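There are 2 protein chains.
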Amino acid sequence: MPITPSAELATPRDTPLSPEGPPPPPRLAGAPRGPAAVAALVDDAMRTLALATTERGGPLPASTPHEVDAAVRDALAATGAAALPRLTGALTAGAADPAHPHCAAHLHCPPLAVAVAADTVASVLNQSLDSWDQSPAATAMETQLVAELADLVGYHGAGAGGVITSGGTESNLTALLLARDHALGAAGTDPGRHGVARAAGTARPRILCGAAAHFSVQRSAALLGLGEDAVVPVEVDAGHRMRVEDLRAALERVRADGDLPVAIVATAGTTDLGGIDPLPAIVRLAREFDVWLHVDAAYGGGLLFSRRLRHLLTGIEGAQSIGMDLHKLGWQPVAAGVLLTRERALFAPLSRSVDYLNPTDDEESGYPSLLGYSLRTTRRADVFKIAVTLRTLGADGLGAMVEACHDLARSAAAQVTADPRLDLAQEPSLTTVVFRYRAGGDAEHGDRVNARLRRSLLEQGRAVVGRTRIEGRVWLKLTLLNPDTTPDDTAALLALVADAGDAEQARPQESR
Amino acid sequence: MPITPSAELATPRDTPLSPEGPPPPPRLAGAPRGPAAVAALVDDAMRTLALATTERGGPLPASTPHEVDAAVRDALAATGAAALPRLTGALTAGAADPAHPHCAAHLHCPPLAVAVAADTVASVLNQSLDSWDQSPAATAMETQLVAELADLVGYHGAGAGGVITSGGTESNLTALLLARDHALGAAGTDPGRHGVARAAGTARPRILCGAAAHFSVQRSAALLGLGEDAVVPVEVDAGHRMRVEDLRAALERVRADGDLPVAIVATAGTTDLGGIDPLPAIVRLAREFDVWLHVDAAYGGGLLFSRRLRHLLTGIEGAQSIGMDLHKLGWQPVAAGVLLTRERALFAPLSRSVDYLNPTDDEESGYPSLLGYSLRTTRRADVFKIAVTLRTLGADGLGAMVEACHDLARSAAAQVTADPRLDLAQEPSLTTVVFRYRAGGDAEHGDRVNARLRRSLLEQGRAVVGRTRIEGRVWLKLTLLNPDTTPDDTAALLALVADAGDAEQARPQESR
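The listed protein sequences correspond, in order, to chains Z and W.
Numbering-wise, the first sequence is residues 1 to 512 according to full-length UniProt numbering.
Numbering-wise, the second sequence is residues 1 to 512 according to full-length UniProt numbering.
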């Protein structure tokens, strides 16, 4: 039952069956007739998507950015009923496909079918969590799921606070906002009202984190008016874990300088090496110095689903706030971030009464409001797919997937070690494998060869491997988030990388 | 083809057809076999959704928040393959349904079927716009669509900047961040690096906006470290439009005080009355005082699709930045916000080079990066549904829907005027109708009756009407975003409201 645009435009309303024949398809997704129209459109689009994936063949298009741009421009010429299939074809043909075993660059997971279907339900119902009367059941569901996730991290669910976010960056920003206003508030001022200039006085607000923490910590400091240089980077070890003695020294320096420590941000799973900061020791220091501890577990939080691996996050419940992304080790379509606080009252700086959303007398009459938990106003029910996934697979089901990726990283690291053309940076901690092609020659030559071999694999549409820079040098990276990828797949991928390195070395100098 | 959890968990990989019979359904959404599994799950879920909508009957559940909470708790007991249908049923039964003509409280639209189907495609492919190698075609599509939307507002698309956001709140926050760093940067400091305390010196940063501007302006000021009282509210007229002479006086006062004007935020469509600030005059003042002008057209931006109504936004192209939400007058599932800037370089404060996302040599080799346009890192391809919608319906198709809602508001206002039990606040400007039940007695009595009649309609599951406070008094509001709603529907809805007011008046005092 394809929708034709002329029929849509001619249908001012979802009309009942008439004796003249079947009515035209509805344009809106809502019931009674919209859901069947959505299902029919999705059915067609999924066929197109499957076909276009087969045609693409590899993990990404064998095209330059310029060629991808031109293909999209062509597809955007489609109009009417042709638009959905044509643009679906173009988006698929030009996708970097996280479901392909040779697409392993980023914390970019292949989503679960059941989570995608749940996401479609959320799109049709279009509930918005900024007021109860736009999301009665969704408000209840987010409240209950947040309590359950709080239990998972070891908070007492009933007293804990939390919210679904767009991801680790929003979780870090929100946590640091709460920490900023908590610290400055304790110092006797109200930064939310008066700003940090007046509020801070002469004490400089400071945020301490590992030198390998996510760049969103710096970005948040800039956004919050504290400035990037409010961030004090603490030395990390070779596995990118914060050195506790250096954290102590940094805290003492902040105190000696008369500065105001706003927060410590510990990382549970750095982006490159998957480093997990020593949480129990950091919790003790945070208590000793009376500083807000936020744990960025955007990547590592998924370990909590695994009975075998959750001990790696021991101590996490000692933090004031924790962020985790279920669009990483949780196999959700983006976005599925979570921010949790040990106590609900820690969200106080965001609380707000708005006449048109949560008037006081409505709240007193028992109508709850989640407005005071989020930086956003309109907010999609991303909680729904998370709830459906947790119930469909169970925590153990997700845990098995986490373990599969963790095991895969170990076997891939062994494959790197076994290949004389490749060099392993570190034994994997989570599900990444950082390595490089041994190019010989000087370090700059090695950097160039590795950067170019990666781009050559992209251009040829053969592989999407990650890259990063560690101690000044370019390294390559597999981020393994596909539980269906096998050791044979990673062996083939690593061979592609090594062969591309050989080819790069063999290319005449001027053509590089 | 229902997915059973045991089958999912037992399937370590998407296996080919075997002679023993058909393979179990895949758990991942990706091709080759995932898309068909998604389509089958969506088909089932849409049947459940349609059925549960029929069972609900009204625009929201006839339940208290406590009862909704209990129903969701029950549904969350489902496990395995039962979870998706059971939770879909619960979310639908407990939904405030924007597709129902008696759900008319908020800027909460019923989405288009084709946009929902496109959103499903985006979920399956799960492209993330923070790097090209997670979203080749999606990066191209967002770039091209942003240029097109820039043309729509009157910017020169090729030189303009822009990004898809989670909504007006994120658009306002991002624009004010850019404006803050632009203004403080021009004053010789770098707030992104050093913070606003050191940067601002003695000059107090100020943001000027109409007194009826969205609360996210205050919230953004708090987040950005400027403080809510950095916001200077400018007097508005009875239609909630900024008084230009008062804006001039406020700018002169800021200048006289030695303060730093960071931005003027003009509103094109206030939440309650749909007031559109006088844009041409404000543009002239912004130029005269050399202040960044941001237009919050989250609500009113959709007028640009209508040839008949777009003149209401004349002058908007004189702003430095413009936000508009296609999940309001654009019929997208949340989120579909847009932030545009007149020049791409205005995004400079957000630009950033990250080793693992957009290394310099990759950018020099022609790989584009959208990282520097967004506050987020991982970012879903929300642009896809917007592109599909614009091509399926055309701007004129959306414009016809905007006009239908605009006309409907006028006819509903006439219905209010014709009913002696109701009082109209203002002739509608956009698609809202603000009114109240004439309760007689003193003003507090009227406020109580109107607040209670609204809650009684919610409790009975009969209607979702909005409420707000204007000049200290409680008013009710219809926000008409459903183009399929007819004057007969609004007449019935207004009769429900008036009858509920009568019932509230007749209730014995103690039972209220």
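The beta-carbon is built from N, C-alpha and C at its ideal position, and this holds for glycine as well.
Bear in mind that the values here come from a model prediction, so they are computed numbers and not experimental data.
{"Check": "Distance check for W/L393 and W/V114, CA to CA, integer angstroms please.", "Outcome": "10 Å"}
{"Check": "Would you call the segment 188-199 of chain Z and the segment 156-164 of chain W in contact, with 3 or more CB pairs under 8 Å?", "Outcome": "no"}
{"Check": "If you measure beta-carbon to beta-carbon, which residues of the segment 224-249 of chain W are closer than 9 Å to chain Z?", "Outcome": "L224, G225, L226, G227, E228, D229 and A230"}
{"Check": "Please say whether W/M324 and W/A286 have beta carbons closer to each other than 8 Å?", "Outcome": "no"}
{"Check": "Report yes or no: do three or more beta-carbon pairs, one from the segment 85-104 of chain W and one from the segment 43-62 of chain W, lie closer than 8 Å?", "Outcome": "yes"}
{"Check": "Contact check, W/A75 vs W/R86 under 8 Å by CB: the rounded distance?", "Outcome": "5 Å"}
{"Check": "What is the residue span of the alpha helix (DSSP H) that W/S456 lies within?", "Outcome": "A443 to E459"}
{"Check": "Would you please verify whether the beta carbon of W/F289 is less than 8 Å from any beta carbon of chain Z?", "Outcome": "no"}
{"Check": "Run the CB neighbour count on W/H240, radius 10 Å, all protein chains shown included, and call it buried at 16 or more, exposed below.", "Outcome": "buried"}
{"Check": "Does the beta carbon of Z/V402 sit closer than 8 Å to a beta carbon anywhere in chain W?", "Outcome": "no"}
{"Check": "At a Cβ threshold of 8 Å, is Z/E471 touching chain W?", "Outcome": "no"}
{"Check": "Report buried or exposed for W/T389, applying the criterion of at least 16 other Cβ atoms within 10 angstroms of its Cβ.", "Outcome": "buried"}
{"Check": "With contact counted as at least three CB pairs below 8 Å, one residue from each stretch, are the segment 306-321 of chain W and the segment 417-433 of chain Z in contact?", "Outcome": "no"}
{"Check": "If you draw a straight line from the C-alpha of Z/L346 to the C-alpha of W/R436, how long is it?", "Outcome": "38 Å"}
{"Check": "If you measure from the beta carbon of Z/S131 to each beta carbon in chain W, is any gap under 8 Å?", "Outcome": "yes"}
{"Check": "Starting from W/I386, trace the alpha helix (DSSP H) both ways and give me its first and last residue.", "Outcome": "V383 to A418"}
{"Check": "Measure the alpha-carbon distance for Z/I470 versus W/E363 and round it to whole angstroms.", "Outcome": "19 Å"}
{"Check": "With burial defined as no fewer than 16 other Cβ atoms inside 10 Å of the residue's Cβ, what is the status of Z/V34: buried or exposed?", "Outcome": "One point to set straight first is that residue 34 of chain Z is Gly, not Val, in the sequence displayed. It is buried - the Cβ of Z/G34 has at least 16 other Cβ atoms within 10 Å."}
{"Check": "What does the alpha-carbon distance come out to for the pair W/A212 and W/T486?", "Outcome": "29 Å"}
{"Check": "Less than 7 Å between C-beta atoms, sequence neighbours within five positions excluded: which residues of the same chain meet that for W/G94?", "Outcome": "P61, V68, A71 and V72"}
{"Check": "Looking only at its chain, what residues have a beta carbon closer than 7 Å to the beta carbon of Z/V153, apart from the 5 residues adjacent to it on each side?", "Outcome": "L304, I316, E317, I322 and L340"}
{"Check": "Helix or strand or just coil, what does DSSP make of residue 518 of chain W?", "Outcome": "The structure shown does not extend to residue 518 of chain W, since chain W spans only 1 to 512, so no value can be given for it."}
{"Check": "Evaluate contact between the segment 136-156 of chain W and the segment 246-266 of chain W, counting only Cβ atoms and requiring at least three cross-stretch pairs below 8 Å.", "Outcome": "no"}
{"Check": "Could you tell me whether the segment 415-422 of chain W touches the segment 489-505 of chain W, where touching means 3 or more Cβ pairs closer than 8 Å?", "Outcome": "yes"}
{"Check": "With DSSP run on the structure shown, which of helix, strand or coil describes W/G210?", "Outcome": "strand"}
{"Check": "In terms of residues, what are the limits of the alpha helix (DSSP H) holding W/L87?", "Outcome": "A83 to A93"}
{"Check": "At a Cβ cut of 9 Å, what residues of the segment 376-388 of chain W count as close to chain Z, listed as they run along the chain?", "Outcome": "R376, T377, T378, R379, R380, A381, F384, K385, A387 and V388"}
{"Check": "With a threshold of 16 other CB atoms inside 10 Å of the CB of Z/H294, please say whether the residue is buried or exposed.", "Outcome": "buried"}
{"Check": "Within the segment 108-140 of chain Z, note down every full beta strand (DSSP E) run reaching 3 residues or more, in order along the chain.", "Outcome": "none"}
{"Check": "Chain Z beta carbons: is any one of them nearer than 8 Å to that of W/H102?", "Outcome": "no"}
{"Check": "Please list the terminal residues of the continuous beta strand (DSSP E) segment that includes Z/R159.", "Outcome": "Here the sequence assigns Gly to residue 159 of chain Z, which means Arg is not the residue at that position. Note, Z/G159: premise wrong, no beta strand (DSSP E); not H, not E."}
{"Check": "Short of 8 Å in beta carbon distance, which residues of its chain neighbour Z/A141, apart from the five on each side in sequence? Order them along the chain.", "Outcome": "This sequence places Met at residue 141 of chain Z; Ala is not what is there. Within the same chain, Z/M141 has close Cβ partners A381, V383, F384 and A387."}
{"Check": "Measure the C-alpha to C-alpha separation of Z/D272 and W/G80 and round it to an integer number of angstroms.", "Outcome": "34 Å"}
{"Check": "Whose CA, out of Z/L251, Z/R410, Z/I282 and Z/A221, lies closest to the CA of Z/M242?", "Outcome": "Z/I282"}
{"Check": "Tell me whether Z/G269 is buried or exposed, calling it buried when 16 or more other Cβ atoms sit within 10 Å of its Cβ.", "Outcome": "buried"}
{"Check": "Of all the options Z/E459, Z/P359, Z/L398 and Z/V464, which has the alpha carbon lying nearest to the alpha carbon of W/R27?", "Outcome": "Z/L398"}
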